[in-house]
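Add 1371 to the 1-based position in the sequence shown for this note's numbering, that's all there is to it. Here a beta-carbon is modelled for each residue, glycine too, at the ideal position from N, C-alpha and C. Remember, it's a predicted structure, so these values are computed and weren't measured experimentally. The next block holds one structure in the form of structure tokens; read it before the comments.
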Amino acid sequence: MGRDDELSGRDVIGMARGESIAHDATAGRLLNLLFIFNATTRPLTTDEIVSDSDLGYGSPQRDSDLRKFRRDRIKLAEQGIFIEEVKNPGDAMNTEGSWRLNRNLTFASAGSLNAEDAQTLADAINGYLGNIPSPLTRPLRSVEEKAFEVAADRHRPSKELASTADSASNPLLDAVWIAFALRRRLTFTYINAQGDASKRTVSIYGIFSRDGVFYFSGHDNLTNTVRTFRIDRVERAWKPSGSYTIPQNFDVRDQLFFAFDLAAGEGSDVTFSLPASITEDELEALTLGRGSIDRVGADNDDQWAWHWTVKVKDVSKAASFGLVHARDGMRPIAPQQLIDEWNALIERTVTAHVPR
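Printed below as a string of structure tokens:
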């Protein structure tokens, strides 16, 4: 073998390192693809994928990225993760399509797990998690739930079982929880109330729900302030990255809000009265600790009451909020606009229920 055909020890080490780096890059892309396809509410276009450097593509050679994406889909399929192309009816053969995770095929082979094995798997997960907090709690609990379904519904068709399990999942909520538990910044596309889309990266400080809707609050890189986002308005999310710490003075209760907070402008103060029979703990729960509460009336007067003053941006919604709690004794005090809105709501409600 001639000199030109020989490889030095340094060359071999260099090749091994290069292969390792290539393998790590591929693994990173596959994990990113799995995460982003699982955490999106719509199919992603080919251009969105191959031009995204955060996913591991986005090089100047688009054809190379297309081939790389094709190879990555094959590798994912080998692991039971199927990314399928979506085309609209009437599209030409050469029309660039979009892509989505086939949830019916991916991890949906429920029939391959018998009831006894499923029960063993569910028990093992439950024993592993116990009461110890873990970033893996949500995904493992999801697996545990599906395993229990297999164990309990051994005669149910696997297609029906997969559909039931899928309907109970919420990939975007999972993505937010995982990022929060790992203290990793989450990058996502957000659709605001006006329908405008923006890409943001948020260090999540807390998660809460209001009226069945989930929200998360944290430091937003776009505005450099702490903001609150609705999880159901997150369109897609990238794999969490980076790290952060939650400020010691952060309290998620400061982020709680009412419907009357959601409007433009600085807002104005309104005042409601509440009966003396309501305890301070009940007041705290009702008002979320917002605004100021004063006791009005003499101690020896049985007619004393609580007065709650709070800043609102939408007086009409404030009146609606008060009317919902009218059975608790809540009544409007000031300003006159609040009283007028309250009376108008009552009049519309009565008119709607009076037989014609």
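Would you mind stating whether residue 1471 and residue 1427 have Cβ atoms separated by less than 8 Å? no
Could you check how far apart the C-beta atoms of residue 1659 and residue 1690 are, in whole angstroms? I think they sit under 8 Å. So it is not a contact: roughly 18 Å between Cβ atoms.
Cα separation between residue 1627 and residue 1611? 25 Å
Straight-line Cα distance separating residue 1625 from residue 1688: 20 Å
Under a Cβ-count criterion, where at least 16 other Cβ atoms within 10 Å of its own Cβ denotes burial, should residue 1543 be classed as buried or exposed? buried
When 1592, 1617, 1618, 1412 are compared against residue 1571, the one with the closest alpha-carbon: 1592
How many whole angstroms separate the CB atoms of residue 1405 and residue 1421, which I take to be in contact at a CB cut-off of 8 Å? About 17 Å; that fails the 8 Å criterion.
Helix, strand or coil: how does DSSP classify residue 1545 here? helix
Distance, Cα to Cα, residue 1447 vs residue 1418? 19 Å
Can you tell me whether residue 1720 is helix, strand or coil according to DSSP? helix
If you follow the alpha helix (DSSP H) that residue 1440 is in, where does it begin and where does it stop? 1433-1449
Note down the Cα distance separating residue 1434 from residue 1458, rounded to an integer number of angstroms. 21 Å
Per DSSP, residue 1676 is paired with what? 1646, 1667
Could you spell out the range, first to last residue, of the alpha helix (DSSP H) harbouring residue 1417? 1417-1421
Determine the extent of the alpha helix (DSSP H) in which residue 1688 is found, giving its start and end residues. 1686-1695
DSSP three-state assignment for residue 1456, whether helix, strand or coil: It is a strand residue.
Do the segment 1604-1619 and the segment 1641-1657 touch if we need at least three Cβ pairs shorter than 8 Å? no
Among 1661, 1720, 1585, 1684, the one whose alpha carbon lies nearest that of residue 1709: Minimum Cα distance to residue 1709 is reached at 1684.
My output table needs one value for residue 1711: the three-state DSSP class, helix, strand or coil. Residue 1711: helix per DSSP, three-state reduction.
What does the alpha-carbon distance come out to for the pair residue 1423 and residue 1632? Distance between residue 1423 and residue 1632, taken at the CA atoms: about 36 Å.
What residue does the beta strand (DSSP E) around residue 1558 start on, and which one ends it? 1557-1562
Which residue's Cα is closest to the Cα of residue 1622: 1547, 1656, 1578, 1603? 1578
Looking at the secondary structure, which residues open and close the alpha helix (DSSP H) in which residue 1411 lies? Segment: none, residue 1411 is in no alpha helix (DSSP H) and carries neither H nor E.
Between which residues of its own chain and residue 1661 is the CB-CB distance below 6 Å, once the five residues before and five after are set aside? 1681
Run the CB neighbour count on residue 1467, radius 10 Å, all protein chains shown included, and call it buried at 16 or more, exposed below. exposed
Where does residue 1469 sit, in a helix, a strand or coil, going by DSSP? strand
Anyone know if the C-beta pair for residue 1585 and residue 1602 falls short of 8 Å? yes
What does the alpha-carbon distance come out to for the pair residue 1407 and residue 1697? 46 Å
So, is residue 1609 buried or exposed, given that buried needs 16 or more other C-beta atoms within 10 angstroms? buried
When burial is assigned at 16 or more other CB atoms within 10 Å of the CB, is residue 1410 buried or exposed? buried
With distances taken between CB atoms, is the gap from residue 1590 to residue 1580 smaller than 8 Å? No, they are not a contact pair.
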